[in-house]
Amino acid sequence: MTSKMFLLAFLVIQTALQAAHAVDYTVTNNAETTAGGLRFTNEIGPDYAKQTLASATDFIWDLFQQSSEADRKNVAQVSLFIDAMDGVAYTSNDEIHVSANYIGGYSGDVKAEITGVLYHEMTHVWQWNGNGQSPGGLIEGIADFVRLKAGYAPSHWVKPGAGDRWDEGYAVTAYFLDYCESLKNGFVAELNKKTRNGYSDDYFVDLLGKTVGQLWSDYKAKYNT
Numbered sequence: 464m465t466s467k468m469f470l471l472a473f474l475v476i477q478t479a480l481q482a483a484h485a486v487d488y489t490v491t492n493n494a495e496t497t498a499g500g501l502r503f504t505n506e507i508g509p510d511y512a513k514q515t516l517a518s519a520t521d522f523i524w525d526l527f528q529q530s531s532e533a534d535r536k537n538v539a540q541v542s543l544f545i546d547a548m549d550g551v552a553y554t555s556n557d558e559i560h561v562s563a564n565y566i567g568g569y570s571g572d573v574k575a576e577i578t579g580v581l582y583h584e585m586t587h588v589w590q591w592n593g594n595g596q597s598p599g600g601l602i603e604g605i606a607d608f609v610r611l612k613a614g615y616a617p618s619h620w621v622k623p624g625a626g627d628r629w630d631e632g633y634a635v636t637a638y639f640l641d642y643c644e645s646l647k648n649g650f651v652a653e654l655n656k657k658t659r660n661g662y663s664d665d666y667f668v669d670l671l672g673k674t675v676g677q678l679w680s681d682y683k684a685k686y687n688t
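Just remember that this note's numbering sits 463 ahead of the position in the sequence shown, which is counted from 1.
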């Protein structure tokens, strides 16, 4: 085989592998005539949203140490919808729905805020949930942990050390997980791997040598809260 033929064969194989690993992203603005829908188009835009979904996926795969397809969920397409609805956003299977009402009423840097929201929601697409056994607060906490590590934690979040329970969810649990991560680099990735087929609080003991209750007490003591 000549060098040119070898190079051509290599490029064909590489392209096929990239296609096999690729995730398709779609963005649909169902509220384009509303104030929030117009703001999405003008200040965020579908192209930026697609880029953010792709960047979030790469970030999550790296953070979760999911370097191969065998480590990840089998997701071929993720669809983002901008809808006229209450709340902020939610994810159902491989669909992310973001509130146009929230976009329209947000008073700060809406592009940065929605970027953070998309990192949170993309985490729900890729994370394991213990086959439905993981605490809801942990699921939401991991999603906000990803947002935190990506650099999109907003100023309106609670501060580190806040909260009454480790599995309170969202930023409370995200900062607790960040504390656990400081004790063992890659802790959240390993915890996520363990929840592929089930869930137990004992996973904290397995990974850090302490019960989750002990870890929560240590965390609260660190911040004197």
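Don't be surprised by glycine CBs; every beta carbon is placed ideally from N, CA and C.
Can you tell me whether residue 518 is helix, strand or coil according to DSSP?
For residue 518, the three-state secondary structure derived from DSSP is helix.
For my contact list, residue 617 and residue 653 are in at a C-beta cut-off of 8 angstroms; report their separation, rounded to the angstrom.
With a Cβ gap of about 27 angstroms, residue 617 and residue 653 do not count as contacting.
If we ignore side chains and look at the alpha-carbon of each, how far apart do residue 493 and residue 627 end up?
38 angstroms
DSSP beta-bridge partners for residue 419?
Only positions 464 to 688 of the chain appear in the structure, and residue 419 is not among them; the question remains open.
Buried or exposed: which applies to residue 637, given that a residue is buried once 16 or more other Cβ atoms fall within 10 Å of its Cβ?
It is buried - the Cβ of residue 637 has at least 16 other Cβ atoms within 10 Å.
Which residues DSSP lists as bridging residue 552, in chain order:
561
According to the Cβ coordinates, are residue 563 and residue 552 closer than 8 angstroms?
no
What three-state label does DSSP hand residue 510 in the structure shown?
helix
When you compare only the Cα positions, how much space is there between residue 477 and residue 649?
Residue confidence is low: residue 477 scores 44 on pLDDT, short of 50, so the model does not pin down where it sits. Its coordinate-derived value is still stated next. Cα to Cα, residue 477 sits roughly 30 angstroms from residue 649.
Roughly how many whole angstroms lie between the Cα atoms of residue 516 and residue 669?
33 angstroms
Return the chain-ordered list of same chain residues with a C-beta closer than 6 angstroms to the C-beta of residue 584, the five sequence neighbours on each side being excluded.
552, 554, 559
Quick one, are the C-beta atoms of residue 683 and residue 624 less than 8 angstroms apart?
yes
Tell me whether residue 534 sits in a helix, a strand or coil according to DSSP, three-state version.
Helix.
Quick check: does the Cβ of residue 573 come within less than 7 angstroms of any heavy atom belonging to the ligand SAM?
You won't find the ligand SAM in this model; it holds no ligand whatsoever.
What number of angstroms, rounded off, separates the C-alpha of residue 597 from the C-alpha of residue 658?
7 angstroms
Give a yes or no on whether the minimum CB-CB distance between residue 498 and chain B is below 8 angstroms.
Here chain B cannot be found, since the structure has a single protein chain.
Residue nearest to residue 524 in terms of C-alpha spacing, selected from 674, 556, 538, 513
538
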